[in-house]
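Undergrad: Keeping their order, the protein sequence lines are chains Y and X. Heads up: the first sequence begins at 1 in our numbering, then just goes up one per residue. Heads up: the second sequence begins at 123 in our numbering, then just goes up one per residue. The beta carbon of each residue, even a glycine, is placed where N, CA and C say it ideally should be. Submitted below is the structure of interest, expressed as structure tokens.
2 protein chains.
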Amino acid sequence: MGKQMTEMLKGTLEGIVLATLAVQPAYGYEITARLREQGFSDIVEGTVYALLIRIEQRGLVDVEKVPSEKGPPRKVYSLNAQGGDYLEEFWKSWGFLAERIEQLHHQLEQPGHSNNTPNEGE
Amino acid sequence: MGKQMTEMLKGTLEGIVLATLAVQPAYGYEITARLREQGFSDIVEGTVYALLIRIEQRGLVDVEKVPSEKGPPRKVYSLNAQGGDYLEEFWKSWGFLAERIEQLHHQLEQPGHSNNTPNEGE
DNA sequence: GCCGCTATTCAGTGCTACTATCTAGTGGTA
DNA sequence: TACCACTAGATAGTAGCACTGAATAGCGGC
């Protein structure tokens, strides 16, 4: 991925992680690995941990320390009620944005329309 | 809109403006007004002008000064070949991201699936 | 004892949207 | 003339977020 994806992830990565936690609780290292498997190949631990700390401090997730057999204790995050509300707002914002962008995409794919609507807002 | 939308627009607003210019050349004040009409009610001129200067310095758009009857001369931007390539990359990145997010959305709407695939990557 | 894997933390950087303000040009009005 | 409203653009400073790079901690294998 490139610079465009980096900028696009601002704001959406948070929603992606929250949605992931809504499906199933998880810890940072695990989330990073899953994102990498799903094609977000550039995402590294540091990014995800910073995000998790942020949403924890905002009270969107609950945290539970679980001992690991393979290393230091894991911090398992799960979405709480407040996080659920926040995630719903995310879906609304995303839906609005996606709608506008898809609309533009369709306009570009169908060049035979009337796009210069001269007296629209005047 | 809220803080979520602000963050989400980082990276996507650029694509939105480029796509808008691909449909039809326009100047900053006009673009801002159109975005506002389309529901991006918080967007102000300053944001759009800064973005336009950025994409101009990257060589993604051509600029033409056109005198206006109502005020200072307009800087009319139009997408050039390089901008077209960049816009195509934007669609690819957007498509990838939208696909992942829609997938998560479907997972949350259909809670009867098997989501805990225990041995997927180990 | 050293390396590799798991797991988390943290300081610093770059990019972008936002805020607020300023300048410039035209036309209307008191 | 002086003032205001609308059009049109520029700019300095701020906040937020993903990224970089490094460090730390715990466990097992060589």
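Taking only three categories from DSSP, how would you classify Asp42/Y?
TA: Asp42/Y: coil per DSSP, three-state reduction.
Undergrad: At a Cβ threshold of 8 Å, is Ala98/Y touching chain X?
TA: So, interface residue.
Undergrad: Could you give the first and the last residue of the continuous beta strand (DSSP E) run that contains Ser200/X?
TA: Note, Ser200/X: beta strand (DSSP E), 196-201.
Undergrad: Return the CA-CA distance between Ser200/X and Ile153/X, expressed in angstroms with no decimal places.
TA: For Ser200/X and Ile153/X, the distance between alpha carbons rounds to 12 Å.
Undergrad: Locate the beta strand (DSSP E) running through Glu64/Y, then write down its first and last residues.
TA: Unbroken beta strand (DSSP E) run through Glu64/Y: 61-66.
Undergrad: Cβ of Val145/X less than 8 Å from any chain Y Cβ?
TA: Yes, contact with chain Y.
Undergrad: State the Cα-Cα distance for the pair Pro118/Y and Val145/X, rounded to the nearest angstrom.
TA: Note that Pro118/Y scores a pLDDT of 39, beneath 50, so its modelled location is shaky; the value from the coordinates is reported in the next line. If you take the alpha carbons of Pro118/Y and Val145/X, they lie about 14 Å apart.
Undergrad: With 8 Å as the threshold, decide whether the Cβ of Thr169/X is near any Cβ in chain Y.
TA: Judged by the 8 Å Cβ criterion, Thr169/X is not in contact with chain Y.
Undergrad: By the criterion of Cβ-Cβ separation under 7 Å, what are the contact partners of Lys7/Y in chain X?
TA: The sequence shown places Glu at residue 7/Y, rather than the Lys named in the question. Going along chain X in sequence order, the residues near Glu7/Y (Cβ under 7 Å) are Lys132, Gly133.
Undergrad: Under a CB-based cut-off of 8 Å, is Gly39/Y close to chain X?
TA: It does: the Cβ of Gly39/Y has a partner Cβ on chain X nearer than 8 Å.
Undergrad: Report yes or no: is there a C-beta of chain Y within less than 8 Å of the C-beta of Gln179/X?
TA: Closer than 8 Å: no.
Undergrad: Am I right that Gly137/X and Phe218/X are in contact with their C-beta atoms under 8 Å? What's the rounded C-beta distance?
TA: Gly137/X to Phe218/X, Cβ: 13 Å. No contact.
Undergrad: Where do the N-terminal and C-terminal ends of the alpha helix (DSSP H) with Glu152/X fall, by residue?
TA: Where Glu152/X is concerned, the enclosing alpha helix (DSSP H) stretches over 150-159.
Undergrad: According to DSSP, is Gln146/X part of a helix, a strand, or is it coil?
TA: Correct three-state label for Gln146/X: coil.
Undergrad: Looking at the C-beta of Ala148/X, does it have a partner C-beta in chain Y at a distance below 8 Å?
TA: Chain Y, which has no Cβ nearer than 8 Å to the Cβ of Ala148/X, makes this no.
Undergrad: Compute the Euclidean distance between the alpha carbons of Ala155/X and Phe162/X, then round it to the nearest angstrom.
TA: Looking at the two C-alpha atoms, the distance is approximately 9 Å.
Undergrad: Among Gly150/X, Lys192/X, Gly168/X, which one has its Cα closest to the Cα of Val183/X?
TA: Of Gly150/X, Lys192/X, Gly168/X, the residue nearest in Cα terms is Gly150/X.
Undergrad: Using three-state DSSP, classify Gly193/X as helix, strand or coil.
TA: Gly193/X: coil per DSSP, three-state reduction.
Undergrad: Who are the Cβ neighbours of Ala148/X in its own chain at under 8 Å, not counting the five residues just before and after it?
TA: Excluding residues within five positions, the ones whose Cβ falls inside 8 Å are Thr142, Arg156, Val198, Tyr199.
Undergrad: To the nearest angstrom, how far is the alpha carbon of Glu159/X from that of Thr169/X?
TA: Looking at the two C-alpha atoms, the distance is approximately 16 Å.
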